[in-house]
Each structure stands twice: as structure tokens, then as C-alpha cells.
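Numbering (the numbering used here), first residue to last: 71 to 252. To start, the structure itself, in C-alpha cells.
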């Protein structure tokens, strides 16, 4: 029976571990260089972010807008859900004024007029923030700007539909109030 000395395994284990670390590091370095270039890779290693400070600030501004858009989308979801509930709770063929009244009741402690105005204002503000970021500073900024702009446009379309429904209800309420009673 042959007995192996445990110390003879150490050099081979150490060399295996070193080879694994070297191969993995080379792979990740290659991936970083192919994605960000040498300068971006050095920024990533040194700063933890592949972009120079000015470009990094632009990315952070766009990421902040992206996070804020989630909140506005949730508000629009609640508005649309409250309107759909108002349609379900009212009689088929109910007037826009009746739907508006029911819609207001479905939003607890919310002023529908102010809520829609705030959503529209915030979406306009976010659109201006996205437009203020110059996309010529870095190639990765342009697709992110385009994605955010498209998302803002979709949210604005949804907000416009809510405003149109609200306006129709208000107009009908106003007409009912100004009609002479017999």
C-alpha cells in the first residue's frame, strides 16, 4: 500500500486555485473591456463605476427619473382602477357626471383634480429632466434616454385619457347645473 504525503497535495491545490482565479479574472476583465473599453474598465476597478464622474452624474439623473416614474405609474394605475370601479358600480349607460362622482368616491382622501394635475406636472418635469441630459457624452446614455422618453410618453397618454374622462364628467356636471329646472 502506498501512502501519499499530504504536503504533496498542497502545491497542486494551490496551483489549481491560482489557475482558477487567474482564468476567472481574465474572463471578467475581457468582459469588462469588451463592454466598457479600457478606460471604462479602469474606472470600474478604481471607482466601482465604469463611467467618468460627469457621465456618472448623468446616469444617476436618469436612474432617479426612472425610479420616480414607477411612483407615477402606480398613481395612474390607482386612477384607472378607481375609474373602472366607478363604471362597474354605476348603472349601464350612466352619465359622465355620475361616473365622475363615483370616481371621486373611489379615491379615498384624494382630490381627483389635484391628483391628475400633479401627475401631469411630474411627467412634464421628468420629460424635461430626460431632455436635459446630453446623449453625446457617452454611447450608453442614448438608449437609456430613449427608453425613458418612450415610457414617459406612454404614461402621458394614460394620463391624457384620465384627464379626458374627468373633463367629460365635469362638463356634463356643469351642463346639468346650468339647465333651467321646469
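Yeah, the Cβ is synthetic: ideal placement off N, Cα and C, and Gly gets one too.
Distance, residue 138 Cα to residue 236 Cα: One alpha carbon belongs to residue 236, the other to residue 138, and they sit about 24 Å apart.
Euclidean distance between Cα positions of residue 86 and residue 195: Between residue 86 and residue 195, the C-alpha separation is close to 56 Å.
8 Å Cβ cutoff, residue 181 in contact with chain C: No chain C appears in the structure shown, which is made up of a single protein chain.
Residue burial classification, residue 220 (beta-carbon count within 10 angstroms, cutoff 16): exposed
Under 8 Å between C-beta atoms of residue 185 and residue 173: It is not a contact, given that the beta carbons lie outside the stated cut-off.
Distance between residue 171 and residue 146 (C-alpha atoms, nearest Å): Answer to the nearest angstrom: the Cα atoms are 18 Å apart.
Cβ contact check for the segment 100 to 115 and the segment 140 to 154: 3 or more pairs under 8 Å: no
Residue 223 (DSSP reduced to helix, strand or coil): Of the three classes helix, strand and coil, the one that applies to residue 223 here is helix, per DSSP.
Nearest-angstrom Cβ-Cβ length linking residue 225 and residue 131, presumed shorter than 8 Å: That belief does not hold up - the Cβ atoms of residue 225 and residue 131 are roughly 18 Å apart, past 8 Å.
Residue 249 - DSSP class collapsed to helix/strand/coil: coil
Where the alpha helix (DSSP H) containing residue 130 begins and where it ends: 123 to 159
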